[in-house]
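Contents: one structure, followed by commentary.
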Amino acid sequence: SGGVLYEYGNEYIIRGILSTNKVAELGKTVVKTVSGVPLLLDNVAEVKVGNKAPKLGTASNDGKAAILMTITKQPAVSTLELTERLDQSIAELHELLPADVHLSTDVFRQARFIESSIGNVQKSLYEGGIFVVIVLFVFLMNIRTTFISLVTIPLSLVTSILALHIMGLTINTMSLGG
């Protein structure tokens, strides 16, 4: 037996594997034991036969019925460029829709993850470069060595990006370590 619990805009499917179909016996189901005393389902819930069947295959957004559509990109396509083009197309489509139809593109955006990863890498590069310069200067007390390090770090980064470009590779989440 089981059913569906609707709470705060969420739908919970309840499934029980029991050997009875009697409501009174279902109420005697032990939910958990507290200090050796069994807590029965009757103590925490109203057990009754309901009339709602679960709505399987439906979607909701902010607790309201919705239609969910996912778009899967091809491997050779840039996620950021595709997301930008989709946003433009969706904006054009939105103008053609009735006023009571709302489009939400903020449910899951892989572009957000990629932009965040790139931002984290940039921040780490800046912080690492500054830290290297400070450590070299403090321990070596030599401005020339510190300056050489200051120049070689960005130069090595540019060289790495150029090597990736020559090999036909891009900086994606896999090459960023994710």
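Everything in the sequence shown is counted per our numbering, starting at 3 for the first residue and increasing by one.
Ideal placement from N, C-alpha and C gives every residue a C-beta, glycine not left out.
Since the structure is predicted, the reported quantities are computational estimates derived from the model, not experimental observations.
(request) Report, in whole angstroms, the separation of the C-beta atoms of Thr147 and Leu138, which I expect to be a contact under 8 Å. (result) Walking along the sequence shown from the start, residue 147 turns up at place 145. Walking along the sequence shown from the start, residue 138 turns up at place 136. The Cβ separation is near 6 Å, so the contact holds.
(request) Assign Ile116 to one of two classes, buried (16 or more other C-beta atoms within 10 Å of its C-beta) or exposed (fewer than that). (result) Numbered from 1 along the sequence shown, position 114 holds the residue referred to as residue 116. By the 10 Å Cβ count, Ile116 comes out buried.
(request) Grab the span of the beta strand (DSSP E) containing Glu13 for me, first residue to last. (result) Here the question's residue 13 lines up with position 11 in the sequence shown. Its beta strand (DSSP E) spans residues Asn12 to Arg17.
(message) Spatial neighbours of Ser151 within its chain, please: C-beta separation below 7 Å, excluding the five flanking residues on both sides.
(response) In the sequence shown, counting from the first residue as 1, residue 151 sits at position 149. If we look at Ser151 and ignore the five residues flanking it on each side, its Cβ neighbours are Val134, Val135 and Leu138.
(request) Have a look at Pro156 and Met143 and give me their C-alpha separation to the nearest angstrom. (result) Along the sequence shown, one-based indexing puts residue 156 at 154. Along the sequence shown, one-based indexing puts residue 143 at 141. If I take the Cα positions, the gap works out to 22 Å.
(message) Could you compute how far the alpha carbon of Ala93 sits from the alpha carbon of Asn23?
(response) One-based indexing of the sequence shown puts residue 93 at position 91. One-based indexing of the sequence shown puts residue 23 at position 21. Roughly 52 Å separates the two Cα atoms.
(message) Can you tell me whether Glu9 is buried or exposed? The criterion is at least 16 other CB atoms within 10 Å of its CB, across all chains shown.
(response) Sequence index remark: in the sequence shown, residue 9 carries index 7 (1-based). With fewer than 16 other Cβ atoms within 10 Å, it is exposed.
(request) Measure the C-alpha to C-alpha separation of Leu70 and Thr60 and round it to an integer number of angstroms. (result) On the sequence shown, residue 70 is found 68 positions in, with the first residue counted as 1. On the sequence shown, residue 60 is found 58 positions in, with the first residue counted as 1. Rounded to whole angstroms, Leu70 to Thr60 spans 8 Å at the Cα level.
(message) Would Lys75 and Leu84 be called neighbours here (beta carbons separated by less than 8 Å)?
(response) Here residue 75 corresponds to residue number 73 of the sequence shown, with the count starting at 1. Here residue 84 corresponds to residue number 82 of the sequence shown, with the count starting at 1. For the pair Lys75 and Leu84, the CB atoms are nearer than the 8 Å cut-off.
(message) Going by DSSP, what residue range makes up the alpha helix (DSSP H) through Thr147?
(response) The count along the sequence shown starts at 1 and reaches residue 147 at position 145. Taken as a continuous stretch (DSSP letters only), the alpha helix (DSSP H) holding Thr147 covers Ile145 to Ile168.
(request) Would you check if the distance between the CB atom of Asp64 and the CB atom of Gly11 is smaller than 8 Å? (result) Against the sequence shown, residue 64 aligns to sequence position 62. Against the sequence shown, residue 11 aligns to sequence position 9. Yes. Within cutoff.
(request) Let me know the secondary structure DSSP gives Val39 once reduced to three states. (result) Here the question's residue 39 lines up with position 37 in the sequence shown. Looking at Val39 - three-state DSSP - the assignment turns out to be strand.
(request) Please state whether DSSP places Asn122 in a helix, a strand or coil. (result) Along the sequence shown, read from residue 1 onward, the residue named residue 122 stands at position 120. In the structure shown, Asn122 sits in a helix (DSSP, three-state: H, G or I).
(request) Assign Leu28 to buried or exposed, taking buried as 16 or more other Cβ atoms, counted over all protein chains shown, within 10 Å of its Cβ. (result) Taking the sequence shown and counting its residues from 1, the one referred to as residue 28 is at position 26. Per the 10 Å Cβ criterion, buried.
(message) Would Leu43 and Val51 qualify as a contact pair, given that the criterion is a beta-carbon distance under 8 Å?
(response) Working through the sequence shown from its first residue, we reach residue 43 at position 41. Working through the sequence shown from its first residue, we reach residue 51 at position 49. At a Cβ-Cβ threshold of 8 Å, Leu43 and Val51 do not count as neighbours.
(message) Residues in the same chain with beta-carbon distance under 6 Å from Tyr14, minus the five sequence neighbours each way, listed in chain order, please.
(response) Within the sequence shown, residue 14 is the residue found at index 12, counting from 1. Within its own chain, the residues whose Cβ lies closer than 6 Å to the Cβ of Tyr14, once the five positions on either side in sequence are excluded, are Leu7, listed in chain order.
(message) Going by beta-carbon coordinates alone, are Val46 and Val36 separated by less than 8 Å?
(response) Numbered from 1 along the sequence shown, position 44 holds the residue referred to as residue 46. Numbered from 1 along the sequence shown, position 34 holds the residue referred to as residue 36. With contacts defined as CB atoms closer than 8 Å, Val46 and Val36 fail to qualify as a contacting pair.
(message) Spatial neighbours of Gln112 within its chain, please: C-beta separation below 6 Å, excluding the five flanking residues on both sides.
(response) Along the sequence shown, read from residue 1 onward, the residue named residue 112 stands at position 110. For Gln112, same chain residues with a beta-carbon under 6 Å away, outside a window of 5 residues either side, are Thr81 in chain order.
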